[in-house]
Amino acid sequence: MEPGNSGVLVVVIVLLFCFCLDFGAAVDTITASRSIRDPESIISSGNAFKLGFFSPGNSSNRYVGIWYNDASEAVIWVANRNRPLNGASGVVNISDDGRLVVLNEQREVLWSSNVSNSVANARAQLLDSGNLVLYDNNNGSIWQSFDEPTNTFMRRMKLTTNVRTGENVMLTSWKSPSDPSIGSFSAGLNLLNIPQVFTWNNNTPFWRSGQWNGREFIGITNVTSVYLGGFELVENKAEGTASLSFEFAIDSTTYFVLDTEGRLLQNNQVDGKEWQIRQTYPENVCDVYGKCGEFGICGPRSEPICTCLGGFEPKNIEEWSRGNWTNGCGRRTPLQCESINKTGDVGKEDGFLKFRMLKLPDFAERTTALEDRCRELCLSNCSCLAYAYDAGIGCMSWRDNLTDVQQFYSKGTDFYIRVAHSELAADKNDMKVVIIVPVVVGAVVIAISAFFLWRWMAKRKAMKEKSSLLKREERSRNISDENKSKDKLQDLPLFDFEKLATATKDFHLTNKLGEGGFGPVYKGVLEDGQEIAVKRLSKASGQGIEEFMNEVMVISKLQHRNLVRLLGCCIEGEEKMLIYEFMPNKSLDAFLFDPEKRKLLDWSNRFNIIEGISRGLLYLHRDSRLRIIHRDLKASNILLDEELNPKISDFGMARIFGGNQDQANTIRVVGTYGYMSPEYAMEGRFSEKSDVFSFGVLLLEIVSGRRNAGFYQDDLSLSLIGYVWKLWNENHIVATIDTMISDPLYQSEVLRCIHVGLLCVQEFVKDRPTMSTVISMLNSEILDLPTPKQPAFIESQGAFETESSDKSLKKHSVNYVSITVVDGR
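All letters in the sequence shown, in the order written, are residues -26 to -1, 1 to 799 by mature numbering (1 follows the signal peptide of the UniProt record, and there is no 0).
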């Protein structure tokens, strides 16, 4: 090779080597000469995190953020959260003075790192911890995203507070899932007396962790088992500062996020599997700060959840009985030391009532006293209302009103509250006097009275047991007579109440999927990870054991891809629950009548839902081994699986027909106003055609995207049915179609569905098609559809068009006929 060529080759190799080095540095780093433009991004060296441009939810705005580089793409930090980019023209680079900046198309700075001094040759690097660090030319850290968190608390990040300067590093929620700007909620440390973590709603306490004892927060009962080292809180009392961080177990990844509703969600990923929400704070309604007011105690398993602490009574009994507990409780009997201070009278010494396993109140003060001195110190101080002792904290006392007290069922701390002597059980000496005098004076009388009392109670107990046995036998006979063709209940898996309580986190509000006429439905996760839906019968509902057993027996016999699957039931005491397969997309009404979610229901999805419901009804009416009339078909009783396939649910009102039976009568009309057929609503007659009517209403709702209940058209008193009928007669039926599915490509199919819907809601039973005919019509197997006749309920908007939970008699005008409805849902 010639010398000249060798030199050229060396230069090329060197340039390529330098280029590779430069390219490698660019993977996780931004420099003055190397910026990123939308949609470019950088990825941390271990591929754990990505920094780039994104649009949250259904927003068109662009933001610069950091997110997990996995399927979840969970965003953990946002730079320009309050000043979004309006288009895909954003740039992230290092400015001339060494700041990390986000620029828009006009080169306007929308966000910058908080660096006070000018720095040359600065660079920003995304680390595998999720931290974005700005370094100077000596590799010294001059700024990091962990010091300016948004809504996410990461491993090794520090939440800090300085009581002297008022400076805090805390979490702030997004305004909405589509808007990461600062929302109403914040979370951080509070150093008043004993460190605690708080979440605030516009500066008002929303939740607190309980006091820090050097190892854990004693108001959280289930957090330390998740971590290798748990939380670490470093406090410098001399400087008035503290910082909180956490470490997790070796085989798991954890982060906390403050969501838009003020909940701290603990997300876990074990062995690289899917992310799961392990804990939620607040976890239940009693976790909400001050739920029961001053001197009230909240028990999530109690009914009602709020009671007064011992020695106290509601300040406003009327409001308390209504479930408005915010006024709290007041002392029933004045303390002895208070009486001395006011009147000079000396009464019997105050004492302490003990409460076990509590979340201690807010505003605790601590002293260095040992446990055996803690009671004595509180008793000798008239301003001391209560005390408690924790080995990690020491002696705690309370002088102010006791706020945010909760009953725990595991862990928790013993708590002693000061009460007047009369509120205590009599002391031992008094008890001796009370016992000795009656024994000396009337031992024989007491013994004889006790004997006769025992005999009387024994007879009464025996009579009650016999009566209860007769009632159970009678109820069993009734159920057996009515369901002779059904298998016994024992054939269905029975679930333990405690396991269901654990699976639903004690039926926590965050697990609530919705509520029907007979009670709420909760999401649960069994020990094996299976997701379930738990329908818990409300004690206040009109559904008794008859309807409950009916739903169990009916649905346990059915198997169809368009019917929800019953997994089992629970009957313990007054608790009656049904356990179903979990439907991740909840019910049809949640999509159909939501302005945003409705966009996800294109015509293909809607027609699939219509077909699925019709096939499910046909199975109930004709194809199953039982002939079943549902009687409560409506949008909220159609559940959607992960692929938006429909499944009919809620069989509490279903009735089984005999082989030759075409219709039945009832004096108890049940169902939902707006979906009930006229013959059922007015006369109590129901048949397959009653379900057909309900299907027709549902079909019109799916096509129009509007509820039949509560529908108005200008000043006319029209239901949705009346509105569609009016447009049909005016040859303007196209106006019925939801704008989301107005594509001309599908118009003929949509119009056919409207036509079928009108045929289903015709006033007279004989005019309505069967479900088998409906399916043929929908699939164009019957080309020439008959002209629909006048539907029912077209004159009065007020007729059967608003759901009601009122069990009293209600009168409505329906086609000018006065009727009485007994049970509306």
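Don't be surprised by glycine CBs; every beta carbon is placed ideally from N, CA and C.
With 16 other Cβ atoms within 10 Å as the buried cut-off, status of residue i
{"i": "Val528", "result": "buried"}
{"i": "Lys479", "result": "buried"}
{"i": "Asn703", "result": "exposed"}
{"i": "Ser450", "result": "For Ser450, the predicted structure reports a pLDDT of 47, less than 50, and the residue's modelled location is therefore unreliable. A value from the coordinates is still provided. Burial call: exposed."}
{"i": "Phe738", "result": "exposed"}
{"i": "Arg347", "result": "exposed"}
{"i": "Ile291", "result": "exposed"}
{"i": "Arg296", "result": "exposed"}
{"i": "Gly679", "result": "buried"}
{"i": "Lys247", "result": "exposed"}
{"i": "Trp41", "result": "buried"}
{"i": "Asp461", "result": "Unreliable placement is indicated for Asp461, whose pLDDT of 48 sits below 50; the coordinate value is still reported in the next sentence. Exposed, by the Cβ-count rule."}
{"i": "Phe426", "result": "exposed"}
{"i": "Ala609", "result": "buried"}
{"i": "Leu757", "result": "exposed"}
{"i": "Val49", "result": "buried"}
{"i": "Gln170", "result": "buried"}
{"i": "Ala365", "result": "exposed"}
{"i": "Leu719", "result": "exposed"}
{"i": "Phe471", "result": "exposed"}
{"i": "Val411", "result": "Its pLDDT being 46, under 50, Val411 is placed unreliably in this model, and the value from its coordinates should be taken loosely. Under this definition Val411 is an exposed residue."}
Closest residue to residue i among the options (Cα-Cα distance)
{"i": "Arg138", "options": "Val83, Arg330 and Ala212", "result": "Ala212"}
{"i": "Asp102", "options": "Ser19, Asn88, Val89 and Ile68", "result": "Ser19"}
{"i": "Thr307", "options": "Met331, Asp71, Phe23 and Arg392", "result": "Arg392"}
{"i": "Asn67", "options": "Arg36, Asn95, Gly104 and Ile10", "result": "Ile10"}
{"i": "Gly236", "options": "Glu397, Ala432, Phe159 and Gly304", "result": "Phe159"}
{"i": "Pro620", "options": "Glu662, Glu653, Ile630 and Phe565", "result": "Phe565"}
{"i": "Phe27", "options": "Asn60, Lys571, Ser92 and Lys663", "result": "Asn60"}
{"i": "residue 806", "options": "Gln504, Ile622, Val677 and Arg605", "result": "Because the chain spans -26 through 799 in this model, residue 806 falls outside it and cannot be assessed."}
{"i": "Gly114", "options": "Ala94, Glu350, Ala432 and Glu122", "result": "Ala94"}
{"i": "Val526", "options": "Gly188, Lys247 and Lys550", "result": "Lys550"}
{"i": "Glu277", "options": "Glu548, Ala507 and Val143", "result": "Glu548"}
{"i": "Lys322", "options": "Tyr654, Gly104, Glu397 and Ile420", "result": "Glu397"}
{"i": "Glu755", "options": "Cys358, Gly184, Arg726 and Glu14", "result": "Arg726"}
{"i": "Val671", "options": "Glu617, His729 and Val708", "result": "His729"}
{"i": "Val698", "options": "Cys734, Leu309, Leu207 and Glu555", "result": "Cys734"}
{"i": "Glu662", "options": "Gly590, Arg8 and Lys571", "result": "Gly590"}
{"i": "Glu14", "options": "Ser33, Ser63 and Trp51", "result": "Ser63"}
{"i": "Ser150", "options": "Glu221, Ser512, Pro30 and Ile116", "result": "Pro30"}
{"i": "Leu84", "options": "Asn91, Leu108, Arg57 and Tyr654", "result": "Arg57"}
Expected contact under 8 Å - CB spacing of residue i and residue j to nearest Å
{"i": "Asp2", "j": "Leu100", "result": "5 Å"}
{"i": "Val65", "j": "Leu77", "result": "5 Å"}
{"i": "Pro760", "j": "Leu732", "result": "Pro760 to Leu732, Cβ: 10 Å. No contact."}
{"i": "Ala362", "j": "Asp388", "result": "7 Å"}
{"i": "Asn187", "j": "Ile367", "result": "5 Å"}
{"i": "Lys333", "j": "Gly193", "result": "5 Å"}
Residue i vs residue j beta-carbon contact at 7 Å
{"i": "Ala475", "j": "Leu500", "result": "no"}
{"i": "residue 802", "j": "Ser384", "result": "Only positions -26 to 799 of the chain appear in this structure, which leaves residue 802 out of reach."}
{"i": "Arg97", "j": "Ser86", "result": "no"}
{"i": "Cys369", "j": "Ala343", "result": "yes"}
{"i": "Gln243", "j": "Arg252", "result": "no"}
{"i": "Leu541", "j": "Ile553", "result": "yes"}
{"i": "Asp378", "j": "Tyr263", "result": "yes"}
{"i": "Asn125", "j": "Leu145", "result": "yes"}
{"i": "Trp249", "j": "Cys280", "result": "no"}
{"i": "Asn559", "j": "Leu487", "result": "no"}
{"i": "Trp148", "j": "Thr227", "result": "no"}
{"i": "Arg373", "j": "Ser354", "result": "no"}
{"i": "Leu309", "j": "Ala432", "result": "no"}
{"i": "Phe556", "j": "Glu617", "result": "no"}
{"i": "Gln736", "j": "Lys700", "result": "no"}
{"i": "Ser217", "j": "Lys328", "result": "no"}
{"i": "Cys352", "j": "Leu466", "result": "no"}
{"i": "Leu483", "j": "Val259", "result": "yes"}
Cβ-heavy atom distance, residue i to the ligand ATP, below 6 Å
{"i": "Asn705", "result": "With respect to small molecules bound, the structure shown includes none, and the ligand ATP cannot be examined in it."}
Margin query: For the structure I just gave you, are there three or more beta carbon pairs, one from the region 258 to 277 and one from the region 491 to 510, closer than 8 Å?
Written below: Verdict: no, contact absent.
Notebook entry, point to check: Using 8 Å as the Cβ pair cut-off and three pairs as the minimum, do the region 573 to 582 and the region 531 to 549 touch?
Noted result: As far as the Cβ criterion goes, the region 573 to 582 does not touch the region 531 to 549, which means the pair count is below three.
Margin query: Is it the case that the region 705 to 718 contacts the region 598 to 606, given that we only count it when at least three CB pairs across the two stretches are under 8 Å?
Written below: The region 598 to 606 is not in contact with the region 705 to 718.
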